Amino acid sequence: MPDSDAAEPPDDQPTDPSVADRARHVLSENGTGMLQDLLFALVWVGLASALYNVAFPTAPQWVLYMLMIAGIPAYFGFFVSLEMARERSAR
Numbered sequence: 001m002p003d004s005d006a007a008e009p010p011d012d013q014p015t016d017p018s019v020a021d022r023a024r025h026v027l028s029e030n031g032t033g034m035l036q037d038l039l040f041a042l043v044w045v046g047l048a049s050a051l052y053n054v055a056f057p058t059a060p061q062w063v064l065y066m067l068m069i070a071g072i073p074a075y076f077g078f079f080v081s082l083e084m085a086r087e088r089s090a091r
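Printed below as a string of structure tokens:
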């Protein structure tokens, strides 16, 4: 058996990209969408928490959970209507 390390790929074969390379690739393709998602989540959680603490201070804890869960259809409704508005303005 040769003494060479079998785990090393030959020089003519590409190696797998590093974690940093994969992260850069994902961010370059999806960066704006990821930022929009994060911003929507932060605003929704902030508004729901403020509404629960200020407007409904004596409400049970499940009301806060329902406000948080309501963010899921609100998210899709917001971005679907945003896409429809963009298509309409492009015409």
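Numbered according to full-length UniProt numbering, the sequence shown spans residues 1 to 91.
Here a beta-carbon is modelled for each residue, glycine too, at the ideal position from N, C-alpha and C.
Computed from a predicted structure; not experimentally measured.
Roughly how many angstroms lie between the CA atoms of residue i and residue j, to the nearest whole one?
i, j, result
"Ala74", "Thr58", "25 Å"
"Leu38", "Trp44", "10 Å"
"Ala50", "Met68", "12 Å"
"Gly46", "Phe56", "15 Å"
"Arg86", "Val80", "10 Å"
"Thr15", "Arg91", "46 Å"
"Gln61", "Pro17", "46 Å"
When burial is assigned at 16 or more other CB atoms within 10 Å of the CB, is residue i buried or exposed?
i, result
"Leu42", "exposed"
"Ala70", "exposed"
"Ala48", "buried"
Between residue i and chain D, is any beta-carbon pair separated by less than 7 Å?
i, result
"Gly33", "The question asks about chain D, but that chain is absent: this structure has only one protein chain."
Leaving out five residues on either side along the sequence, give the residues of the same chain with a beta carbon under 8 Å from the beta carbon of residue i.
i, result
"Ser89", "none"
Closest to residue i by CA distance: which of the options is it?
i, options, result
"Phe78", "Gln36, Val19, Arg24 and Leu27", "Gln36"
Every unbroken alpha helix (DSSP H) inside the UniProt domain "DUF8119" (18 to 88) [4 residues or more]
19 to 50 and 61 to 69
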